[in-house]
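Asker: The numbering used here puts the first residue of the sequence shown at 3, with every later residue one more than the last. Positions of the beta carbon are idealized from the N, C-alpha and C atoms, including for glycine. I have a structure here, written as structure tokens, and I will follow up with some questions on it.
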Amino acid sequence: MAALKVVCALVLCMLVVEPMVTSAITCGDVATQMSGCINYLKNGGVLPPNCCAGVRALNNQAKTTPDRQTACRCLQSAAKAMGAGLKTNLAEGLPGKCGVNIPYKISTSTNCNNVK
């Protein structure tokens with residue numbers, strides 16, 4: 003009977019702790035990594051090497067589902083803040099141009115809750 007109580011207590015702890023998993027990535031991290039891309043995303047032209055370095059670094063940081071969802075939300079917030087100055091086609095094509103495969107489309111219409 004004591005063993006059953008211990009198992010129940012462990013299951014209860016797992017149920018309480020599991021939803022508390024948080025992302026290690028912050029919007030500050032995303033902004034730092036993507037700062038080299040701002041002029042390109044507004045004006046086009048030559049893709050700066052430091053932009054792709056930031057894209058690759060961000061991709062390497064976002065290994066868990068919560069991290070990828072946070073990165074997605076931060077990218078969307080940044081895109082909305084840039085407003086009409088953002089060339090959305092350049093933003094959507096950025097991962098491919100930098101040789102990075104991400105599991106979602108960079109778009110303000112992406113549902114970040116579905117990003118795995």
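Buried or exposed: Gly95, going by 16 or more other Cβ atoms within 10 Å of its Cβ?
Answerer: Exposed, since its Cβ has fewer than 16 Cβ neighbours within 10 Å.
Asker: So, is Ala83 buried or exposed, given that buried needs 16 or more other C-beta atoms within 10 angstroms?
Answerer: That one is exposed.
Asker: CB-CB under 7 Å to Pro51, same chain, minus the five flanking residues each way: which ones, in chain order?
Answerer: Around Pro51: no qualifying Cβ.
Asker: Is Tyr42 helix, strand or coil by DSSP?
Answerer: In the structure shown, Tyr42 sits in a helix (DSSP, three-state: H, G or I).
Asker: Is there a Cβ of chain D sitting closer than 7 Å to that of Thr90, yes or no?
Answerer: The chain labelled as chain D is not found in the depicted structure, where only one protein chain is given.
Asker: Buried or exposed for Val117, please, with buried defined as at least 16 other CB atoms from any protein chain shown within 10 angstroms of its CB.
Answerer: Looking at its Cβ environment, which holds 16 or more other Cβ atoms inside 10 Å, Val117 is buried.
Asker: Among Thr112, Leu92, Cys114 and Asn115, whose alpha-carbon lies nearest the alpha-carbon of Val48?
Answerer: When each option's Cα is compared against that of Val48, the closest is Leu92.
Asker: Residues in its own chain within less than 8 Å of Asn103 by CB, not counting five upstream and five downstream?
Answerer: Answer for Asn103: Pro97, listed in chain order.
Asker: If you reduce the DSSP assignment to three classes, tell me which class Lys82 lands in.
Answerer: Correct three-state label for Lys82: helix.
Asker: When DSSP labels each residue in this structure, what does Gly87 get in the three-state scheme?
Answerer: Gly87: helix per DSSP, three-state reduction.
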